[in-house]
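*Asks:* Residue numbers (this note's numbering): 2 to 356. In this text, a Cβ means the ideal position worked out from N, Cα and C, and glycines have one as well. From a predicted model like this one, the values you see are computed outputs, not experimental measurements.
(1) What three-state label does DSSP hand residue 27 in the structure shown?
(2) Do residue 23 and residue 264 have their C-beta atoms closer together than 8 Å?
(3) Output the boundary residues of the alpha helix (DSSP H) element that contains residue 110.
(4) Determine the DSSP secondary structure at residue 228, reduced to helix, strand or coil.
(5) Would you say residue 134 and residue 148 are within 8 Å of each other, going by their C-beta atoms?
(6) Counting along the chain, where does the alpha helix (DSSP H) carrying residue 40 start and finish?
(7) Which one of 36, 7, 150 and 5 has the shortest CA to CA distance from residue 20?
(8) Which same chain residues end up closer than 7 Å to residue 145 when comparing Cβ atoms and leaving out the 5 residues on each side of it in sequence?
(9) Taking the CB atoms as reference points, tell me whether residue 131 and residue 82 lie closer together than 8 Å.
(10) Pull up the distance between the alpha-carbon of residue 76 and that of residue 200, whole angstroms please.
(11) Excluding five sequence neighbours on each side, which residues of the same chain lie with their C-beta closer than 7 Å to the C-beta of residue 111?
(12) Would you give the residue range spanned by the alpha helix (DSSP H) that residue 120 belongs to?
(13) CA-CA distance, residue 12 and residue 250?
(14) Where does residue 258 sit, in a helix, a strand or coil, going by DSSP?
(15) Hey, how far is the Cα of residue 266 from the Cα of residue 25?
(16) Assuming residue 260 contacts residue 30 (C-beta within less than 8 Å), just tell me the rounded distance between them.
(17) Leaving aside the five residues before and after residue 170 along the sequence, list all residues of the same chain whose C-beta is less than 7 Å from its C-beta, in chain order.
(18) What are the start and end residues of each continuous beta strand (DSSP E) run of 3 or more residues lying completely inside the region 138 to 177, in chain order?
(19) Going by beta carbon distance, what residues of the same chain come within less than 7 Å of residue 225, once the five residues before and after it are set aside?
(20) For the region 112 to 129 and the region 215 to 233, state whether three or more C-beta atom pairs, one from each stretch, are separated by less than 8 Å.
(21) Given a cut-off of 8 Å on the beta-carbon distance, is the pair residue 9 and residue 53 in contact?
(22) Rounded to whole angstroms, what's the CA-CA distance from residue 262 to residue 17? Just pull it up for me.
(23) For residue 148 and chain B, any beta-carbon pair shorter than 8 Å?
(24) Whole angstroms is fine: what's the gap from residue 197's alpha carbon to residue 159's?
(25) Excluding sequence positions up to five away, which residues of its chain have a Cβ less than 8 Å from the Cβ of residue 208?
(26) Exposed or buried, residue 193, counting other C-beta atoms within 10 Å across all chains shown (16 or more means buried)?
(27) Between the Cα of residue 123 and the Cα atoms of 167, 142 and 100, which residue gives the shortest distance?
(28) Rounded to a whole number of angstroms, what is the C-alpha to C-alpha distance between residue 142 and residue 157?
(29) In angstroms with no decimal places, state the Cα-to-Cα distance between residue 269 and residue 85.
(30) For the candidate residues 256, 258, 229 and 243, whose alpha-carbon lies nearest to that of residue 1?
(31) In chain order, what residues of the same chain lie with their CB nearer than 6 Å to the CB of residue 236, ignoring the 5 residues before and after it?
(32) Can you tell me the Cα-Cα spacing of residue 119 and residue 42, whole angstroms?
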């Protein structure tokens, strides 16, 4: 488990740092939407830098190697941090779904109503709410699990309702404007752009529900039947899925959000351009032809690998770990020795004949 948590921590940190840099450089996203994405990325980054390393330390140390009370304190800290940051991620995705619904219902009043200042207030309240929910565990652990299960179910229900209503309204409005001309075509274009942003947010929601729904089910079963070995193992798997959500979110951003994908591509290209080991600038990141791009990069790096391998072979000719084709067999060595002896005898005979 310690190795898994460590790998997840490194991957999550690198991905979310890259997304934060891309969001900072982007100038096209609506500021409230950018704030929500930044908050979601920050919570995932906190999970990678704080929660997952503590969980890895707990799994690596064990209760037999350190003091029992200290181990329980570290375990509780890891559990509490995971609950706080996971609750923040779930709350942010829920607010994103509500934001998309408000954009549909308010229309042109959306930018005047949903401002960056109001989004900051909502984010502040979300952090306070997650910390208060975590503080419930100091009072009663059973009440804490009950509150967590209730909030997870409530927030997923709100998000599902928002997206269901959004797609219902899109279908109804599209049917209403299909018979119009002129302005109807412009309305269809605006609706298509809005639908694309909704689908991007929906993918984030689907990823989160896939990772969080098992935790809600396991928590409900634990409250009903109590804790046993099967539910304990299922709870460990469910918490692992929640940690996996922090790794999947940046992949979804780069896959579905064009502006983020473009900034990530430029960031990676600039980073690789500073180093001259192998140039991967020709790779079309997240392009429809990733296999062709990868083959091109491998073909460019192949001469370097061949030169390195050949130089290594010439530099260490006595290494016994080489493949069989580079090793000299014993039969070949014996034949070489016999050939040298026969040549010496022939040379002696020639000298005797000449002298």
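*Replies:* Looking at the coordinates:
(1) coil
(2) Contact: yes.
(3) Note, residue 110: premise wrong, no alpha helix (DSSP H); not H, not E.
(4) coil
(5) Cβ atoms of residue 134 and residue 148: closer than 8 Å.
(6) 32 to 47
(7) 36
(8) 137 and 138
(9) no
(10) 38 Å
(11) 103 and 104
(12) 117 to 140
(13) 12 Å
(14) coil
(15) 14 Å
(16) 6 Å
(17) Excluding sequence neighbours, residue 170 sits near 105.
(18) none
(19) Taking C-beta separations shorter than 7 Å and ignoring five residues to either side along the sequence, residue 225 has no partners in its chain.
(20) no
(21) yes
(22) 13 Å
(23) Protein chain content of the structure displayed is limited to a single chain, and chain B is not contained in it.
(24) Their backbone Cα atoms lie some 20 Å apart in a straight line.
(25) 246, 249, 250 and 253
(26) exposed
(27) 100
(28) 23 Å
(29) Each residue's Cα considered, the two are about 31 Å apart.
(30) This structure leaves residue 1 out entirely; the chain is present only between 2 and 356.
(31) 219
(32) 19 Å
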